[in-house]
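Residue numbers (the numbering used here): 334 to 463.
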């Protein structure tokens with residue numbers, strides 16, 4: 334897992350890397366990691382979910398963790414089907430959406446054994462303590 338930790342400061346992507354960020358269902362990528370995804374790596378304004386350019390959007394602004402979980406599950410399934418990519422998951426939901434890692438990290442439990450999904454250190458800390 335040491336090598337599957339997403340950097341806290343992503344400034345460049347390799348051609349096979351996908352920046353995974355928290356979005357809103359409307360796809361208004363106006364702040365935080367969503368803004369970076371839109372300005373730098375091809376996130377599409379108006380698209381709140383899924384693969385877009387070199388990014389993958391997971392909506393986090395429409396309810397609690399239980400309403401985010403289906404989108405995380407969908408992402409994990411997508412990553413399993415696309416081993417050619419390395420998915421760099423940011424601390425989705427832990428910025429503008431206002432959640433703590435202890436609330437969001439458990440949603441990624443199934444990602445622990447998916448070799449092409451990298452998670453933030455604070456998510457690993459929560460998952461390894463479960």
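Even glycine gets a Cβ: it sits at the ideal position worked out from N, Cα and C.
Compare the beta carbon distance of residue i and residue j with 8 Å and say whether it is the shorter of the two.
| i | j | result |
| --- | --- | --- |
| residue 357 | residue 381 | yes |
| residue 366 | residue 428 | yes |
| residue 388 | residue 355 | no |
| residue 432 | residue 453 | no |
| residue 461 | residue 412 | no |
| residue 360 | residue 386 | no |
What are the start and end residues of the beta strand (DSSP E) that includes residue i?
| i | result |
| --- | --- |
| residue 350 | 350-356 |
| residue 405 | Residue 405 -> not in any beta strand (DSSP E); alpha helix (DSSP H) instead, spanning 398-414. |
Can you round the beta-carbon distance between residue i and residue j to whole angstroms, since I take them to be within the 8 Å contact cut?
| i | j | result |
| --- | --- | --- |
| residue 419 | residue 451 | 7 Å |
| residue 408 | residue 374 | Going by Cβ atoms, the distance from residue 408 to residue 374 rounds to 16 Å, so no, they are not a contact pair. |
| residue 423 | residue 336 | Actually they are not in contact, since the Cβ atoms of residue 423 and residue 336 sit about 17 Å apart, beyond 8 Å. |
| residue 440 | residue 401 | 6 Å |
In the DSSP assignment, what are the bridge partners of residue i?
| i | result |
| --- | --- |
| residue 395 | DSSP, once it has assigned bridges, lists no residue as partnering residue 395. |
Along the chain, where does the alpha helix (DSSP H) that runs through residue i open and close?
| i | result |
| --- | --- |
| residue 385 | Premise fails: residue 385 lies in the beta strand (DSSP E), 383-385, not in any alpha helix (DSSP H). |
| residue 456 | 454-462 |
| residue 369 | 365-374 |
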